[in-house]
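In the working numbering, each number is its position in the sequence shown, counted from 1, plus 107. Virtual Cβ for every residue (Gly too), placed ideally from N, Cα, C. Here is the structure we will look at, set down as structure tokens.
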Amino acid sequence: MNRRAAAVALTVLLAPCPRAFALDPALDVHQYAHTSWKILDGFTKGIIKAIAQTRDGYLWLGTDFGLLRFDGVRTMEWQPPPGRTLPSNDIWSLLAARDGTLWIGTSKGLARWKEATLTQYAELAEHIVTNCYLNATTISLDGGARMT
């Protein structure tokens with residue numbers, strides 16, 4: 108591909124993208140706010156293995172000690188409804204779907220959190236769900252397992 112064709116292709120790809128604005132050059136760098144959350148400050152314990160953001164704006168953090176919900180200020184350990192549990196507290200993957208569902212992949216299976224209801228999938232019990240993605244109305248899991 109020659110340079111002209113590459114330039115045209117790049118222009119076509121980038122044309123529909125919204126503009127990205129840099130920092131305001133009129134402001135000094137110390138005028139911007141920055142907050143960092145650290146383990147030493149009590150942000151979380153364990154390693155964060157998965158992150159997803161649901162439509163309500165919460166960030167969900169999957170760790171080897173459980174599921175955390177972050178509202179932009181503080182993290183809260185998520186607790187399932189009474190009488191319900193996650194397949195495991197060792198969270199490997201998270202997926203926030205457009206309909207508000209949070210898919211939770213653990214070291215011992217898959218769970219779905221939707222409209223205050225926690226559902227586990229027995230067909231994946233005792234399986235490590237390390238990655239999941241949505242494809243239309245089907246959730247696809249590592250190893251070729253498919254659920255509709």
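Where residue i falls: helix, strand or coil (DSSP)
{"i": "residue 230", "result": "helix"}
{"i": "residue 205", "result": "coil"}
{"i": "residue 168", "result": "strand"}
{"i": "residue 251", "result": "Low local confidence applies: a pLDDT of 47 at residue 251 is under 50, so the model's placement there is unreliable, with the coordinate-based value given in what follows. In this structure, residue 251 counts as helix in the three-state DSSP scheme."}
{"i": "residue 174", "result": "strand"}
{"i": "residue 138", "result": "helix"}
{"i": "residue 198", "result": "strand"}
{"i": "residue 244", "result": "Note that residue 244 has pLDDT 44, beneath the 50 cutoff, so the model's placement of it is unreliable and no number is given."}
{"i": "residue 147", "result": "helix"}
{"i": "residue 111", "result": "helix"}
Proximity of residue i and residue j at Cβ, strictly below 8 Å
{"i": "residue 212", "j": "residue 236", "result": "yes"}
{"i": "residue 199", "j": "residue 159", "result": "no"}
{"i": "residue 161", "j": "residue 203", "result": "yes"}
{"i": "residue 196", "j": "residue 216", "result": "no"}
{"i": "residue 177", "j": "residue 193", "result": "no"}
{"i": "residue 187", "j": "residue 225", "result": "yes"}
CA nearest to the CA of residue i, picked from the options
{"i": "residue 151", "options": "189, 184 and 217", "result": "184"}
{"i": "residue 191", "options": "181, 234, 218 and 175", "result": "218"}
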